[in-house]
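Participant: Numbering-wise (our numbering), the sequence shown opens with residue 1 and increments by one.
Below you will find the structure I want to go over with you.
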Amino acid sequence: MTTPESRPRVANRSQILDLLGRSAPVSRAELAQRTGLSRSTVSSIVQELLASEQIVETTGAALPRGGGRPPSLLTVNGAPGTLVGVDIGHRHVRVAVADLAAKPLAEHEIRLDADNSPIETIDRAAALVHECLAAAGIDPRTDRVLGVGMGIPGPVDPHSGVVVSPILANWIDLAPGEELARRLGMPVQVENDANLGALAEVAHGAARDVDDVIYVKASSGIGAGLILAGELFRGVTGIAGEIGHVRFEDNGPICRCGNRGCLEKAFGGSRLVELLQPAYAETLSVERLLELAQEGDIRVNRILDDAGRAVGRVLADLCNHLNPALIVVGDTMRDSESFVLGIKDSIDRFTQPDTAAALDVVPSELGENAGVMGALVIANSAVPVPRGTI
Numbered sequence: 001m002t003t004p005e006s007r008p009r010v011a012n013r014s015q016i017l018d019l020l021g022r023s024a025p026v027s028r029a030e031l032a033q034r035t036g037l038s039r040s041t042v043s044s045i046v047q048e049l050l051a052s053e054q055i056v057e058t059t060g061a062a063l064p065r066g067g068g069r070p071p072s073l074l075t076v077n078g079a080p081g082t083l084v085g086v087d088i089g090h091r092h093v094r095v096a097v098a099d100l101a102a103k104p105l106a107e108h109e110i111r112l113d114a115d116n117s118p119i120e121t122i123d124r125a126a127a128l129v130h131e132c133l134a135a136a137g138i139d140p141r142t143d144r145v146l147g148v149g150m151g152i153p154g155p156v157d158p159h160s161g162v163v164v165s166p167i168l169a170n171w172i173d174l175a176p177g178e179e180l181a182r183r184l185g186m187p188v189q190v191e192n193d194a195n196l197g198a199l200a201e202v203a204h205g206a207a208r209d210v211d212d213v214i215y216v217k218a219s220s221g222i223g224a225g226l227i228l229a230g231e232l233f234r235g236v237t238g239i240a241g242e243i244g245h246v247r248f249e250d251n252g253p254i255c256r257c258g259n260r261g262c263l264e265k266a267f268g269g270s271r272l273v274e275l276l277q278p279a280y281a282e283t284l285s286v287e288r289l290l291e292l293a294q295e296g297d298i299r300v301n302r303i304l305d306d307a308g309r310a311v312g313r314v315l316a317d318l319c320n321h322l323n324p325a326l327i328v329v330g331d332t333m334r335d336s337e338s339f340v341l342g343i344k345d346s347i348d349r350f351t352q353p354d355t356a357a358a359l360d361v362v363p364s365e366l367g368e369n370a371g372v373m374g375a376l377v378i379a380n381s382a383v384p385v386p387r388g389t390i
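Dropping the structure here:
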C-alpha cells in the first residue's frame with residue numbers, strides 16, 4: 001500500500017517514465033530540465049529505475065575534440081512506442097507512423113477530394129493508418145501507440161474540436177478527431193494544417209529554437225500558423241492566422257469563406273492557374289506553374305512575384321502587430337524564389353524599420369511534409385507531462 005509520504009516520489013517516478021517513454025533518449029540533465037525536478041531527485045529515481053531494469057543507459061554521440069566525455073542517455077527498456085501522423089489536405093491524405101524522434105517507419109499517401117467527402121476521407125485515413133501500422137510491424141493491440149495527431153485544411157474550434165468555419169463547408173459541425181478516434185479505437189489530437197506546419201518547422205525545420213514565428217502555408221490556398229513566445233496561438237475560436245481570408249479587394253469576387261475580395265481568392269495558387277491558363281496550350285496546375293518558374297518562364301515568375309508581394313503586404317501588417325523573428329514560407333510555394341522574394345520585398349517596404357531589421361523570411365525546410373510532421377508533434381504531446389514537485 002502506498003503511504004501518503006511516498007506519493008510525491010511515486011508521481012515523480014511515473015513522470016520520468018512517461019517522459020522517457022515518449023522521447024528519444026535523453027540525459028539526466030535534460031530530464032531535470034523537462035520535468036522541473038531537481039537533479040538530485042532525478043538522479044535518485046534514475047538509479048532505482050536502472051536497478052529494476054525499467055530503463056537502460058546508453059552512450060550518446062561523441063563530443064567535439066576536447067569537449068569531454070560523451071553524455072549518458074536514458075530510455076525505456078524495450079520498444080519505446082510509436083506515433084501516428086495524419087495530414088488531410090484539400091486533395092490528399094498522407095499518413096506516417098514514426099518513432100519518438102519523428103523518424104518515419106512507414107508512410108503512404110493517396111489523392112482524393114477531401115473538401116467534398118469528409119466521411120469518406122476519414123474512412124480512408126483510418127484505413128491508411130492501419131496499413132502503415134502493419135507495414136511498420138506495429139500491432140496497436142500489443143505495441144505502444146503513444147498518440148495520433150491529425151491536421152485538416154481549415155479551422156477547428158480549440159475547445160470542442162468541431163469544424164465551424166465555412167472554409168470547409170461540407171465539414172461544418174463535424175468533429176474529425178472524434179470520428180477518426182472512433183474508427184481507430186485510440187484518442188486523436190486534431191489541428192489546423194497551417195498550425196501543424198508551424199509546429200513542425202519549430203520542432204524539426206527552419207524555425208528551430210525560434211520563439212516568435214509566422215509559418216505561411218501557400219499552395220492552392222493561403223493560411224498561416226502563429227508561434228508566439230514559444231506557444232501555438234489559435235485564437236478564441238481557432239481561426240487565428242487565416243490570412244488568406246483578409247479582404248484584399250473591396251469589390252472582388254465572393255470567396256468560399258463567405259466574404260468578398262479575399263487575398264486567397266485574388267492570389268491563391270488556384271487563381272494563379274486560372275489567370276495563366278489562357279496563355280498556355282497545356283493544362284496547368286500549381287505544381288506545373290512551379291516547374292515552369294524553375295525553368296525560367298518569365299510570365300509565371302512575374303505573376304508569382306506579384307502574388308508574393310500581395311501576400312507580403314498582408315504579412316507586413318501582421319508583423320507590425322506581432323513583431324516576429326521569422327517568417328517561414330511553406331507548402332508548394334516555398335519552391336518559388338520569385339514568390340519568396342516578393343514577400344521579402346513587401347516586408348521591407350511596409351513593416352516598421354525596426355520590425356523589418358529583426359525579421360527574416362526563409363523557405364520551409366520540410367516542404368509538403370510539414371503537415372504530417374506537425375501531426376507527429378501533437379501526437380507526441382497528446383499526454384501532457386505534468387510539472388513535478390521535489
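Cβ atoms here follow ideal geometry from the backbone N, Cα and C, with glycine treated the same way.
With a CB to CB cut of under 8 angstroms and the five nearest residues on each side skipped, what residues in its chain are close to I347?
Facilitator: Your numbering for residue 347 matches position 347 in the sequence shown. So the qualifying residues of the chain are G312, L315, A316, C319, I327, A356, L359, V361.
Participant: CB-CB under 7 angstroms to V236, same chain, minus the five flanking residues each way: which ones, in chain order?
Facilitator: The residue you call residue 236 lines up with position 236 of the sequence shown. Correct list: empty, nothing qualifies.
Participant: V164 and D157: beta carbons closer than 8 angstroms?
Facilitator: Residue numbering aside, residue 164 sits at position 164 when the sequence shown is read from its first letter. Residue numbering aside, residue 157 sits at position 157 when the sequence shown is read from its first letter. It is a contact, given that the beta carbons lie within the stated cut-off.
Participant: Taking only the alpha-carbon atoms, compute the straight-line gap between S391 and F248 and give it to the nearest angstrom.
Facilitator: With the chain covering only 1 through 390, there is no way to say anything about residue 391.
Participant: At what residues does the beta strand (DSSP E) containing E109 begin and finish?
Facilitator: Here residue 109 is taken as the residue at index 109 of the sequence shown, counted from 1. Its beta strand (DSSP E) spans residues 104-111.
Participant: By DSSP, does N192 sit in helix, in strand, or in coil?
Facilitator: As a position in the sequence shown, residue 192 is number 192, starting the count at 1. Correct three-state label for N192: strand.
Participant: Identify, in the order they occur along the chain, each residue of the same chain with its Cβ nearer than 6 angstroms to the Cβ of L292, setting aside the five sequence neighbours on each side.
Facilitator: Your numbering for residue 292 matches position 292 in the sequence shown. Same-chain partners within the cutoff: V300.
Participant: Extract the residue ranges of the beta strand (DSSP E) inside the stretch 176-246, only unbroken runs of 3 or more that lie entirely within it.
Facilitator: 189-192, 213-218, 222-228, 231-233
Participant: Give a yes or no on contact between the stretch 173-181 and the stretch 225-232, applying the rule of three or more CB pairs nearer than 8 angstroms.
Facilitator: no
Participant: Taking DSSP's pairing of strands, which residues face R94 in a bridge?
Facilitator: One-based indexing of the sequence shown puts residue 94 at position 94. D87, E109, per the DSSP bridge assignment.
Participant: Looking at the unbroken beta strand (DSSP E) that takes in I291, where does it start and where does it end?
Facilitator: Counting from 1 along the sequence shown, the entry for residue 291 is found at position 291. What sits at residue 291 in the sequence shown is Glu, not Ile. First-last for E291: 286-294, but that is the alpha helix (DSSP H), not the beta strand (DSSP E).
Participant: DSSP has P363 in a bridge; who is on the other side?
Facilitator: By 1-based counting over the sequence shown, the position of residue 363 is 363. Its beta-bridge partners are V329.
Participant: Using the Cα positions of E242 and I227, report the straight-line distance between them to the nearest angstrom.
Facilitator: Reading the sequence shown from its first residue, position 242 is the one you call residue 242. Reading the sequence shown from its first residue, position 227 is the one you call residue 227. Taking the straight line from one Cα to the other gives about 14 angstroms.
Participant: Can you list, in chain order, the residues of its chain whose CB lies under 8 angstroms from that of N251, leaving out five sequence neighbours each side?
Facilitator: In the sequence shown, residue 251 corresponds to position 251, counting from 1. Correct list, in chain order: R260, G261.
Participant: What are the start and end residues of the beta strand (DSSP E) that includes L174?
Facilitator: Along the sequence shown, one-based indexing puts residue 174 at 174. Segment: none, L174 is in no beta strand (DSSP E) and carries neither H nor E.
Participant: Quick check: A126 and L105, are their CB atoms within less than 8 angstroms of each other?
Facilitator: Working through the sequence shown from its first residue, we reach residue 126 at position 126. Working through the sequence shown from its first residue, we reach residue 105 at position 105. No, the Cβ-Cβ distance between A126 and L105 is not below 8 angstroms.
Participant: Tell me the DSSP secondary structure of R34 in three-state form.
Facilitator: On the sequence shown, residue 34 is found 34 positions in, with the first residue counted as 1. If DSSP states are grouped into helix, strand and coil, R34 belongs with the helices.
Participant: The beta strand (DSSP E) spanning I152 covers which residue range?
Facilitator: Residue 152 sits at position 152 when you count from the first residue of the sequence shown. 145-152 is the extent of the beta strand (DSSP E) around I152.
Participant: Measure the alpha-carbon distance for I343 versus V42 and round it to whole angstroms.
Facilitator: Counted from its first residue, the sequence shown places residue 343 at position 343. Counted from its first residue, the sequence shown places residue 42 at position 42. Approximately 47 angstroms between the Cα atoms of the pair.
Participant: The beta strand (DSSP E) spanning S117 covers which residue range?
Facilitator: Numbered from its first residue, the sequence shown carries residue 117 at position 117. Per DSSP, S117 belongs to no beta strand (DSSP E) and is neither H nor E.
Participant: Taking the beta strand (DSSP E) that E282 belongs to, which residues open and close that run?
Facilitator: Numbered from its first residue, the sequence shown carries residue 282 at position 282. No beta strand (DSSP E) holds E282; DSSP gives it neither H nor E.
Participant: Does DSSP put V156 in a helix, a strand or coil?
Facilitator: Reading the sequence shown from its first residue, position 156 is the one you call residue 156. Three-state DSSP puts V156 in coil, outside helix and strand.
Participant: Out of curiosity, what's the CA-to-CA distance linking R111 and P353?
Facilitator: Translated into positions along the sequence shown, residue 111 becomes position 111. Translated into positions along the sequence shown, residue 353 becomes position 353. Spanning the two alpha carbons is a distance of roughly 44 angstroms.
Participant: Three or more beta-carbon pairs under 8 angstroms between the stretch 76-85 and the stretch 210-220, yes or no?
Facilitator: no
Participant: Do the CB positions of I172 and P155 come within less than 8 angstroms of each other?
Facilitator: What you label residue 172 is simply residue 172 of the sequence shown in a count that begins at 1. What you label residue 155 is simply residue 155 of the sequence shown in a count that begins at 1. Cβ distance not < 8 angstroms, so I172 and P155 don't count as in contact.
Participant: Alpha carbon to alpha carbon, what distance is there between V56 and L100?
Facilitator: By 1-based counting over the sequence shown, the position of residue 100 is 100. By 1-based counting over the sequence shown, the position of residue 56 is 56. Inter-residue distance for L100 and V56 is about 16 angstroms (C-alpha atoms, whole angstroms).
Participant: Rounded to whole angstroms, how far is the Cβ of S219 from the Cβ of G269, which I believe are closer than 8 angstroms?
Facilitator: Against the sequence shown, residue 219 aligns to sequence position 219. Against the sequence shown, residue 269 aligns to sequence position 269. With a Cβ gap of about 5 angstroms, S219 and G269 count as contacting.
Participant: Could you check the C-alpha separation between R94 and V340 for me, to the nearest Å?
Facilitator: In the sequence shown, the residue the question calls residue 94 occupies position 94. In the sequence shown, the residue the question calls residue 340 occupies position 340. Looking at the two C-alpha atoms, the distance is approximately 26 angstroms.
Participant: If we call anything under 8 angstroms between Cβ atoms a contact, is E191 one with I45?
Facilitator: Stepping through the sequence shown from its first residue, residue 191 is reached at position 191. Stepping through the sequence shown from its first residue, residue 45 is reached at position 45. No, these two residues do not count as a Cβ contact at 8 angstroms.
Participant: Output the distance between the C-alpha atoms of I392 and S72, rounded to the nearest integer angstrom.
Facilitator: Within the shown structure, residues of the chain are numbered from 1 to 390, placing residue 392 beyond reach of any answer.
Participant: Kindly list the residues whose CB is nearer than 8 angstroms to the CB of V145, restricted to its own chain and excluding five residues on each side of it in sequence; keep chain order.
Facilitator: For the purposes of this step, residue 145 is taken as residue 145 along the sequence shown, with counting starting at 1. Excluding positions up to five away in sequence, the list reads G81, T82, L83, V84, L133, I138, M186.
Participant: Hey, could you find the ends of the beta strand (DSSP E) I55 is sitting in?
Facilitator: Numbered from 1 along the sequence shown, position 55 holds the residue referred to as residue 55. That run of the beta strand (DSSP E) goes 55-59.
Participant: Could you check whether L31 and Q54 sit closer than 8 angstroms to each other, using their CB atoms as the reference points?
Facilitator: Mapped onto the sequence shown, residue 54 falls at position 54. Mapped onto the sequence shown, residue 31 falls at position 31. No, the pair does not count as a contact, with Cβ atoms beyond the cut-off.
Participant: Indicate whether P153 and D193 have their beta-carbon atoms separated by less than 8 angstroms.
Facilitator: As a working note, residue 153 is residue 153 in the sequence shown. As a working note, residue 193 is residue 193 in the sequence shown. Yes, they are a contact pair.
Participant: In the structure shown, what three-state DSSP assignment does G388 receive?
Facilitator: The residue labelled residue 388 in the question sits at position 388 within the sequence shown. Model confidence at G388 stands at a pLDDT of 29, short of 50, so the residue's coordinates are unreliable; what they give is reported in the following sentence. If DSSP states are grouped into helix, strand and coil, G388 belongs with coil.
Participant: Can you tell which of N369, L74, A310 has the C-alpha that lies nearest to the C-alpha of H92?
Facilitator: The sequence position of residue 92 within the sequence shown is 92, counting from 1. Nearest of N369, L74, A310 to H92, Cα basis: N369.
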